[in-house]
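Data block below; observations after.
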DNA sequence: GCCATCCGTAAGTGATAGCTTACCGTTAGT
DNA sequence: ACTAACGGTAAGCTATCACTTACGGATGGC
């Protein structure tokens, strides 16, 4: 299996992580800022960010004592590419099956 | 939140469900046939299919005592559309942030 | 140097996901 | 009708996940 695709899907499959992802879609944020916008504690956010980072969907940089997270466009683009492969294969297979069915 | 997108991501986030999804990408299959191709029991496959069906990713039809499952192209296309919205928003936001950063 | 802020990680807990076996309803063949 | 094949669901178990609090390390301001 495509473990890269899987980790990306798993990362966004969790609602809280998806919420973090969408928050970061409005611009870079520090861990504290994310936690204040979400109904979970700061450590929880940290743990989710770790997963998102492992999946390559976010990147981080130090800024003083803070740590600012932002979306990682390369990772996002890569995940989308893998997605599209699965998508298109599924669509092709369905088209073939429909054609074979009509004959 | 976009609960439709969430349920679709959650559905494909599980490796076994993704495996089922990919198997169906090779053509329609009955529950038994799926179970024989996967390292889990038939009831487990049934339960996964229920999730995939709820997410709108597969459809099923009766064929004698068997029940044949196949990919649902409408659901797949819809999920992809929702995906792309999130994707493109993320990309736009990143481009804006990069631009604002360079100024 | 000292304190405050910020963050990651460890440890522990409750809920849930995914799996199994067991059971039952439905359909087809004889 | 009887039997066999197929599949959905219930019940139960275990592992894992998401969360919490507590702790410790790093950075910056005074």
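Residue numbers (my numbering), protein chains in the order written: chain P, 1 to 103; chain S, 104 to 206.
Idealized CB from N, CA, C, for every residue including glycine.
{"Item": "Reference residue 50 of chain P; option with closest CA among P:96, P:93, P:94 and P:8", "Value": "P:8"}
{"Item": "Where residue 126 of chain S meets chain P, residues with beta-carbon distance less than 9 Å", "Value": "Correct list: empty, because the minimum Cβ distance to chain P is about 11 Å."}
{"Item": "Contact with chain P by residue 130 of chain S, beta-carbon distance below 8 Å", "Value": "yes"}
{"Item": "is_contact[residue 170 of chain S, chain P] using C-beta, thresh 8 Å", "Value": "no"}
{"Item": "Stretch-stretch touch, CB-based, cutoff 8 Å, three pairs: the stretch 181-190 of chain S with the stretch 136-144 of chain S", "Value": "no"}
{"Item": "Local conformation of residue 57 of chain P per DSSP, three classes", "Value": "coil"}
{"Item": "Proximity test, Cβ basis, 8 Å: residue 165 of chain S and chain P", "Value": "no"}
{"Item": "C-beta atoms of residue 26 of chain P and residue 196 of chain S nearer than 8 Å", "Value": "yes"}
{"Item": "Nearest candidate by alpha-carbon position, reference residue 24 of chain P, set P:77, P:79 and P:73", "Value": "P:73"}
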